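See structure below.
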Amino acid sequence: MDSEGRMDPALYKAATQGKVASLRQLVDPEDPSVLSSTTPQLNTALHLAALHGHAAFAGEVLDKNEELLVARNDDGDTPLHLAAKAGKLEAAELLIRHALAWPQDRKSPLVMINKADNTALHEAVRNRRGAVAEALLDADPSRGHDLNERMESPLHMAAREGLVQVVRKIVDYTWVGQEFLPSVSLSGTALHQAVLGTHHRIVEILLEKRPELIDLTDSDGNNALHYAAQKDHQRAVELLLRKRTELAYRRNLHGMSPLHVAAHYGSTDAIKALLRYCPDVAEMVDGYGRNAFHASVDSGKASALRCLLRRVRPAELLNRADSNGDAPLHVAAKRSRVHCALLLLGDRRVDPCVRDRAGQTARSLVEVKLHTGEMDAYEMYLWKQLKHQELKRCRKQQLPPLATYPSRRGSNDKYFERIVETYILVATLIATVSFAATFTMPGGYHQTKGIALHGHNTAFKIFVISNTVAMCSSIVVVFCFIWAWQDPVRFKVDQLLWGHRLTIIACLGMLVSLMTAVYITVAPTSRWPAYVVIAIGASTPAVVVLMLGRDVIFVPL
1 MDSEGRMDPA LYKAATQGKV ASLRQLVDPE DPSVLSSTTP QLNTALHLAA
51 LHGHAAFAGE VLDKNEELLV ARNDDGDTPL HLAAKAGKLE AAELLIRHAL
101 AWPQDRKSPL VMINKADNTA LHEAVRNRRG AVAEALLDAD PSRGHDLNER
151 MESPLHMAAR EGLVQVVRKI VDYTWVGQEF LPSVSLSGTA LHQAVLGTHH
201 RIVEILLEKR PELIDLTDSD GNNALHYAAQ KDHQRAVELL LRKRTELAYR
251 RNLHGMSPLH VAAHYGSTDA IKALLRYCPD VAEMVDGYGR NAFHASVDSG
301 KASALRCLLR RVRPAELLNR ADSNGDAPLH VAAKRSRVHC ALLLLGDRRV
351 DPCVRDRAGQ TARSLVEVKL HTGEMDAYEM YLWKQLKHQE LKRCRKQQLP
401 PLATYPSRRG SNDKYFERIV ETYILVATLI ATVSFAATFT MPGGYHQTKG
451 IALHGHNTAF KIFVISNTVA MCSSIVVVFC FIWAWQDPVR FKVDQLLWGH
501 RLTIIACLGM LVSLMTAVYI TVAPTSRWPA YVVIAIGAST PAVVVLMLGR
551 DVIFVPL
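Residue 491 in UniProt numbering sits at position 491 of the sequence shown, and the numbers go up by one each step.
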């Protein structure tokens, strides 16, 4: 060891590799001070042995200098912290045994904290080292409720990380002080964290063993049901409502009920569960007088709005004005939520004639952008639909005057242009590929007759039909979208939707062509590669649907 206490490279190598024989050669039995040397991060040989899980080496070090058990590195970690982080169970158990024998008048390594205020148990749980965490709890079960600088206990962390056995071990120690206060941080209680991590088994355990947690909130006033609504954790929503139905009617500090939160985040499964258990919760409003319809429209969550429209019957809720006098349709118009506005217009209960406090209808609110030249093609289409509904359903009412619209597209249709360009490019590529495939038939042609060799084959017939469908569908898309440049107002969203669906059909046709072509040419000599290609091709649409859901058939607005 040099004058600065820098660790000898030979000792460093021995500690990281767990070579006990080398340790004995390096350390003088009469003067073990070499073990107090450190790395630049202030790690001792015991730190390194614990980190790498060399229990025998660590035991030898402790026999020579037991004070190293409480030595801290630059992060404030003891050797037990590092063993817990790395999940080295054998080394951790050795250190725990020495910690239990530590003098009672000195601070035990089991309770020592690092610079993040984490005990070794915190670090074990944070790094999902379940076995080490259980060993630490066996040694000192009271550490399960220690709070770090983020006001999180090991129970919080274990609930979030899904460590079922660790959670069970902490809550099973009934003699531990029963003092559960609302957290002053955003993390809430262990129940909040279990819901946030979508671990329903831990939610069940906490509701059974610690039922008092269900009434506690985080620093924003959110109870566990708010969290379940946010994460769209239907199982947790049902568990919480079966235990305490009134949770659905409690507001957070922003005045939002769990249904508001579910609507805001587009959590459709949570919405279904909430309305199934508490159908009247749809009547609740937040601090701004907004109900769940307002919340879904304001955040642009069309899926949540569609779910609410199917399950909430009173028309009054669909046309209710908030504190600013805006009905959900007004909010959709002001926020340019085109998809949401069209969903509302498609429901006969929604009144397009209702006015806000300034006497404006949704149609006149959209017209503001028309006058400023900021209206794009989608908003123009929405404006036309609103105008049509007003003329159809509001003939006997005095409404704001209608504005005229320009017949040509303005300069603010960049998004529309990019969509049209993308569809034309994709359709052109599909048409090109499918056209080329027509003259390169799988299996080739008869040299004298010029006919396809596999023309009698069923797979070949499927290839020809699917390839033709792909080419013709893409040609229709190309020609239709060319007209979109002339006047995007006339080129309605409906036509854009059909162009999108034809593109999907063309892609499916191309996939079928690929699978049948490979089957025709490969299957006669080797069947399994052909079947693998067919399986991959058949799973491709399923993967797309799994990723996008029902939205795959809609143009992104």
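Yeah, the Cβ is synthetic: ideal placement off N, Cα and C, and Gly gets one too. Note that the structure is a prediction, hence the values are computed from the model and not measured.
Asked, Found
"What's the gap between the Cα of ALA292 and the Cα of VAL478?", "41 Å"
"Please give me, in chain order, every unbroken run of the beta strand (DSSP E) with length at least 3 that falls completely inside the segment 267 to 348.", "none"
"At a cut of 8 Å, does the segment 456 to 473 reach the segment 541 to 551 through at least three beta carbon pairs?", "no"
"To the nearest angstrom, report how far apart GLN25 and ARG143 are at their CA atoms.", "39 Å"
"Measure the beta-carbon distance from ARG290 to ASP322 and round it to whole angstroms, keeping in mind my assumption that it falls under 8 Å.", "4 Å"
"Output the distance between the C-alpha atoms of ALA263 and LEU225, rounded to the nearest integer angstrom.", "13 Å"
"For GLY287, collect the residues of the same chain with a Cβ closer than 6 Å to its Cβ; drop the 5 residues on either side in sequence, then sort them by chain order.", "GLY255"
"Is the separation between the beta-carbon of GLY266 and that of LYS231 shorter than 8 Å?", "no"
"Short of 8 Å in beta carbon distance, which residues of its chain neighbour ALA10, apart from the five on each side in sequence? Order them along the chain.", "SER22, LEU26"
"Nearest to ARG210 by alpha carbon, out of ASN222, ALA190, GLY221, ARG310?", "ALA190"
"Starting from the Cα of ARG235, find the closest Cα among VAL261, LEU253, LEU196, PHE439 and give me that residue.", "LEU196"
"How would you write the range of the alpha helix (DSSP H) that GLN25 sits in, first residue to last?", "20 to 26"
"Report the partner residues of ARG250 according to the DSSP bridge assignment.", "The partner list for ARG250 (beta bridge, DSSP) is empty, contrary to what the question assumes."
"With 16 other CB atoms within 10 Å as the buried threshold, where does PRO442 fall?", "buried"
"What three-state label does DSSP hand THR38 in the structure shown?", "strand"
"Buried or exposed for LYS13, going by 16 or more other Cβ atoms inside 10 Å?", "exposed"
"According to the neighbour-count rule (16 or more other Cβ atoms, all chains shown, within 10 Å of its Cβ), is LEU429 buried or exposed?", "exposed"
"Whole angstroms are fine: how far does the CA of TYR227 sit from the CA of ASP138?", "31 Å"
"Where VAL476 and MET515 are concerned, what is the direct C-alpha to C-alpha distance, given to the nearest angstrom?", "24 Å"
"Does the beta-carbon distance from ALA282 to PRO258 come in below 8 Å?", "no"
"Name the two residues that bound the continuous alpha helix (DSSP H) containing PRO154.", "154 to 161"
"Would you call the segment 127 to 135 and the segment 100 to 115 touching, i.e. three or more CB-CB distances under 8 Å?", "no"
"Could you check whether VAL354 and ASN324 sit closer than 8 Å to each other, using their CB atoms as the reference points?", "no"
"Report the three-state DSSP secondary structure of ARG393 (helix, strand or coil).", "helix"
"Compute the distance between the beta-carbons of HIS122 and PRO154, then report whether it is under 8 Å.", "yes"
"Based on the DSSP output, what are the partners of ASP31 in its beta bridges?", "ASP28"
"Can you tell me which of the three DSSP states ARG6 falls into?", "strand"
"Tell me which residue opens and which closes the alpha helix (DSSP H) that GLY443 is part of.", "Neither: GLY443 is in no alpha helix (DSSP H) and is coded neither H nor E."
"Can you look up VAL433 in the DSSP assignment and give me helix, strand or coil?", "helix"
"Expressed to the nearest angstrom, what Euclidean distance is found between the alpha-carbon atoms of ASP63 and ASN114?", "24 Å"
"In the DSSP assignment, find the alpha helix (DSSP H) that holds GLY59 and state where it starts and stops.", "55 to 64"
"As a quick exercise: from PRO29, HIS47, TYR378, SER37, pick the residue whose alpha carbon is nearest that of residue 558.", "Not covered by the structure: residue 558. The range shown for the chain is 1 to 557."
"Roughly how many whole angstroms lie between the Cα atoms of ASP8 and ASP28?", "14 Å"
"Consider the Cβ of ALA523: report whether some Cβ of chain B lies at a distance smaller than 8 Å.", "Looking for chain B here will not work: only one protein chain is present."
"Taking the alpha helix (DSSP H) that LEU46 belongs to, which residues open and close that run?", "45 to 52"
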